[in-house]
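Since the structure comes first, as structure tokens, the remarks are kept for the end.
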Amino acid sequence: MFSIISDTADIRAAAQQLDANLRTALPDRIDCSVGGAGGSFATTVAYAPSLDLWYAAQQNGKTYWHGFGNGAPQAGKKVALASEINIPADGLNRAISGAFARDDAGRVWLLHRGKIRGGKALFFAHYNGATVTVQDGDKEDSCALIGAVDDPEIAAHIARFVAAVVHIKAVAKK
């Protein structure tokens, strides 16, 4: 069974590995402004035309923020977030949508709790990707299984996840 990782050092190591793998897989660097519901900020995004995926990251002390979008970012322009996969920097925080989990073999995986605008029930009613049952502190829960953080194809797995989120959000608007 998968178990949510709550140790600060283990979360940091997983976040660093995820970031390194994403920056390798998304080789283009573009200075732009990333915008979402909480406002916008200037940053350098990593992008791969082959995946049509861009990525930006920040760590604010409490959270590892990972923002993703589709389409080629234009230098100096604003890009819109398609999805976020945020991870608590310490301990368990079920209010934050993302998590790292360890499987029985010790491999670390990126998960999403399904909490998007529109709600968790909407997400899981329309999500067609893999899901897993995880030990989440003192309870079991279901999460979307995105991919192993050490997988060289993690960016492709995230691109598929982002596409699924975009689809679910479109369904919610109907």
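Residues in the sequence shown are numbered consecutively from 91, following our numbering.
Glycine included, every Cβ here is placed at the ideal spot set by N, Cα and C.
Among residues of its own chain, excluding the 5 on either side of residue i, which ones have a beta-carbon nearer than 6 Å to its beta-carbon?
i	result
Ala-165	Ile-120, Asp-121
Val-198	Ala-104, Phe-190, Arg-192, Val-239
Ala-220	Leu-235
Asp-226	Ile-94
Indicate whether residue i and residue j have their beta-carbon atoms separated by less than 9 Å.
i	j	result
Val-171	Val-124	Residue identity check: residue 171 is Leu in the sequence provided, not Val. Contact: yes.
Pro-139	Ala-110	no
Tyr-217	Ala-253	no
Leu-201	Ile-236	yes
Ala-147	Leu-116	no
Ala-260	Leu-143	no
Phe-251	Ser-232	no
Ala-132	Arg-207	no
Quick one: residues in its chain with C-beta nearer than 7 Å to the C-beta of residue i, no 5 flanking neighbours on either side, listed in chain order?
i	result
Asn-176	Thr-153, Tyr-154, Trp-155, His-156, Ile-186, Ser-187, Gly-188
Lys-205	Ser-187
What does residue i pair with, by DSSP beta-bridge criteria?
i	result
Pro-178	Thr-153
Ala-247	Per the sequence shown, residue 247 should be read as His rather than Ala. DSSP, once it has assigned bridges, lists no residue as partnering His-247.
Buried or exposed, going by whether 16 or more other CB atoms sit within 10 Å of the CB of residue i?
i	result
Gly-151	exposed
Val-178	Looking at the sequence shown, residue 178 is not Val but Pro. Buried is the call here.
Gly-159	buried
Ala-211	exposed
Glu-230	exposed
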